[in-house]
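Read through the structure below, which is laid out as structure tokens, and then see the notes.
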């Protein structure tokens with residue numbers, strides 16, 4: 001997990017630190033953490049009709065980022081390409097106010113359906129988090145993203 005987080009540019013990680021953001025890697029359900037206790041039994045946005053609640057979700061972005069150890073890969077309770085990168089991207093988004101900026105909205109509208117077709121990515125903040133994770137996970141995922149979403153890649157590179 002740490003080696004994948006280390007793929008994020010030091011400049012962005014330093015900004016998170018300087019702005020008081022933390023990344024917590026935890027062994028149990030994220031709702032066991034004080035910051036998430038109020039969400040016990042609550043259904044997250046986009047998970048309606050699944051019968052699942054925040055108790056079942058292995059990660060949350062924001063401050064702090066909370067990610068469950070052993071749940072990094074897609075299919076382990078989430079659909080992200082990589083849990084820790086996706087959730088940390090949410091914190092970067094909140095810190096820099098990226099996903100609702102007019103510049104990013106243009107990129108998202110132009111490329112979202114080319115890259116991520118699931119309805120969950122109709123939200124610009126989810127598109128940003130997932131494409132950020134794709135960009136920083138591996139050279140293979142970055143190449144795949146570059147082929148489908150060159151404007152998104154250019155945007156992420158410019159952060």
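Residue numbers (the working numbering): 1 to 159. Where a beta carbon is used, it is the ideal one built from N, C-alpha and C, also for glycine.
{"Item": "Whole-angstrom distance between residue 31 and residue 18, CA atom to CA atom", "Value": "26 Å"}
{"Item": "Identified DSSP bridge partners for residue 23", "Value": "65"}
{"Item": "Where residue 97 falls, given that 16 or more other Cβ within 10 Å makes a residue buried", "Value": "exposed"}
{"Item": "Assigned exposure category for residue 68 - 16 Cβ within 10 Å defines buried", "Value": "buried"}
{"Item": "Collapsed DSSP secondary structure at residue 32 in the structure displayed", "Value": "helix"}
{"Item": "Where residue 73 falls: helix, strand or coil (DSSP)", "Value": "strand"}
{"Item": "At least 3 beta-carbon pairs within less than 8 Å: the stretch 3-20 vs the stretch 47-58", "Value": "no"}
{"Item": "Member of 66, 12, 155 and 88 whose CA lies at the smallest distance from the CA of residue 101", "Value": "155"}
{"Item": "Three-way DSSP call (helix, strand, coil) for residue 80 in this model", "Value": "coil"}
{"Item": "Spatially closest choice to residue 92 from 142, 81 and 130, by CA coordinates", "Value": "130"}
{"Item": "N- and C-terminal bounds of the alpha helix (DSSP H) containing residue 143", "Value": "139-148"}
{"Item": "Outcome for residue 42 when other beta-carbon atoms lying within 10 angstroms are tallied against a minimum of 16", "Value": "exposed"}
{"Item": "N- and C-terminal bounds of the alpha helix (DSSP H) containing residue 105", "Value": "102-115"}
{"Item": "Touch test, the stretch 106-116 against the stretch 59-75, Cβ-Cβ under 8 Å, three pairs minimum", "Value": "no"}
{"Item": "Best match in 73, 147, 144 and 105 for proximity to residue 4 [C-alpha to C-alpha]", "Value": "73"}
{"Item": "Own chain residues within Cβ distance below 7 Å of residue 162, not counting five before or after", "Value": "Limits of the chain in this structure are 1 at one end and 159 at the other, which puts residue 162 out of reach."}
{"Item": "Cβ contact check for the stretch 105-112 and the stretch 133-143: 3 or more pairs under 8 Å", "Value": "no"}
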